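Okay, so here's the structure we're looking at.
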Amino acid sequence: MHRSPKQEELNMLNNNQLNTMLDLQDKMNIKVNPDWLNAGYAYLRAAMIESVEAIDHHGWKWWKAQDKDIAQVQMELVDIWHFALSDIIIAYNGDKQKASDLIVQELQSGPDSLSFDNVDYDFNKQSLVENLELMAGLCVAKRFSVPLFIKIVEQAEMTSDMLFEQYVGKNILNFFRQDHGYKEGTYTKIWNGREDNEHLVEVLGLVDADSKGYAELVYKGLSERYPN
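Next comes the structure, spelled out in structure tokens:
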């Protein structure tokens, strides 16, 4: 199977990135419920809902004028990846390293098509909306395709590095909020006249995403800015 250089670059989420994301997802889920692996949460149902919301942000109604909001589509994809990683960790009984290794293998040799309900779908020949719809259908059937998801990421004008950085940023900000009184209502969301997510964007721009301990460096960057 031939892939263009652009596809190769986009599809190469590496082990370091996946290990970081899987570890963060596990830790965040533990914050919600220490026994989350056995709680029976419907993560793919949540991913399905986010997929439909992404379709709405893109626009699909032929009877009215609509503007595509690609930034919102990207945000929905980051949320979908949270839920997908949770489901994948469960599928491998909490073995995050095995999950990471197999995701990398799937991306390296991953197909450009899949069969669903006895129909073959070539995601390279489908539009972004069609692929989002296919992903939503798979989630309803309790299935998730990482190669399809990464194709959708590409169609939404993101690279895998952008997905990694936005995913880590959102996770770390959520951790930071919880650690600084978000649940108790004592957290200050506006620092020096700017919202915390604006500070996050700046911190992400200052930290090398390839750095060892990337997530910890982002957290440290937020801590240094947060008013005592």
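The sequence shown begins at 1034 in the working numbering and counts up by one.
The C-beta atom is built at its ideal place from N, Cα and C for all residues, glycine as well.
Bear in mind that the values here come from a model prediction, so they are computed numbers and not experimental data.
Residue i versus residue j - alpha carbon distance
i       : j       : result
Leu1003 : Lys1245 : Outside the displayed range of the chain (1034 to 1261) lies residue 1003, so it cannot be described from this structure.
Tyr1247 : Leu1167 : 33 Å
Arg1258 : Lys1094 : 44 Å
Asp1120 : Asp1128 : 12 Å
Tyr1074 : Met1061 : 14 Å
Tyr1215 : Thr1221 : 8 Å
Ile1063 : Leu1070 : 9 Å
Gln1107 : Lys1175 : 22 Å
Thr1053 : Gly1226 : 32 Å
Tyr1125 : Leu1077 : 15 Å
Phe1149 : Met1081 : 15 Å
Val1240 : Glu1198 : 10 Å
Glu1139 : Glu1109 : 23 Å
His1213 : Ser1193 : 30 Å
Reduced DSSP secondary structure (H/G/I, E/B, other) of residue i
i       : result
Tyr1215 : coil
Arg1176 : coil
Asp1120 : helix
Glu1257 : helix
Glu1190 : coil
Val1085 : helix
Asp1112 : helix
Ser1142 : helix
Leu1161 : helix
Ser1244 : coil
Trp1224 : strand
Asp1102 : coil
Leu1200 : Sequence inspection shows Tyr at residue 1200; the Leu mentioned does not correspond to that position. Three-state DSSP puts Tyr1200 in a helix.
Tyr1076 : helix
Leu1206 : helix
Tyr1154 : strand
Leu1147 : strand
Met1045 : coil
Proximity to residue i [Cα-Cα], best of the options
i       : options                            : result
Ala1117 : Ala1248, Cys1172, Asn1207, Lys1060 : Cys1172
Asn1204 : Leu1237, Ala1132, Asp1068          : Leu1237
Pro1144 : Ser1178, Lys1253, Lys1131          : Ser1178
Lys1158 : Gln1188, Asp1212, Asp1243          : Gln1188
Leu1255 : Gln1050, Trp1224, Asp1241, Asn1047 : Trp1224
Lys1131 : Gln1211, Asn1048, Trp1096          : Asn1048
His1115 : Gln1141, Lys1101, Leu1051, Met1045 : Leu1051
Asn1261 : Ser1142, Ala1242, Pro1067, Thr1219 : Thr1219
Tyr1200 : Gln1211, Ala1242, Ser1160, Lys1184 : Ala1242
Spatial neighbours of residue i in its chain, beta-carbon cut-off 6 Å, leaving aside the 5 residues before and after
i       : result
Leu1196 : Val1186
Val1085 : Ala1169
Residue i beta carbon near the ligand NAP (any heavy atom closer than 6 Å)
i       : result
Val1201 : By its list of ligands, the structure shown contains no ligand whatsoever, and the ligand NAP lies outside what it can speak to.
7 Å CB neighbourhood of residue i in its chain, flanking five on each side removed
i       : result
Asp1112 : Glu1083
Leu1181 : Leu1147, Phe1156, Asn1164, Leu1167, Met1168
Asp1153 : Ser1146
Gly1202 : Leu1233, Leu1237, Val1251
Val1162 : Ile1088, His1091, Trp1093
Glu1228 : Lys1222
Phe1209 : Tyr1252, Leu1255
Ile1122 : Leu1055, Gln1058, Asp1059, Lys1129, Ala1132
Own chain partners of residue i with C-beta closer than 8 Å, once the 5 adjacent residues on each side are dropped
i       : result
Glu1217 : none
Val1137 : Leu1046, Asn1047, Asn1048, Leu1051
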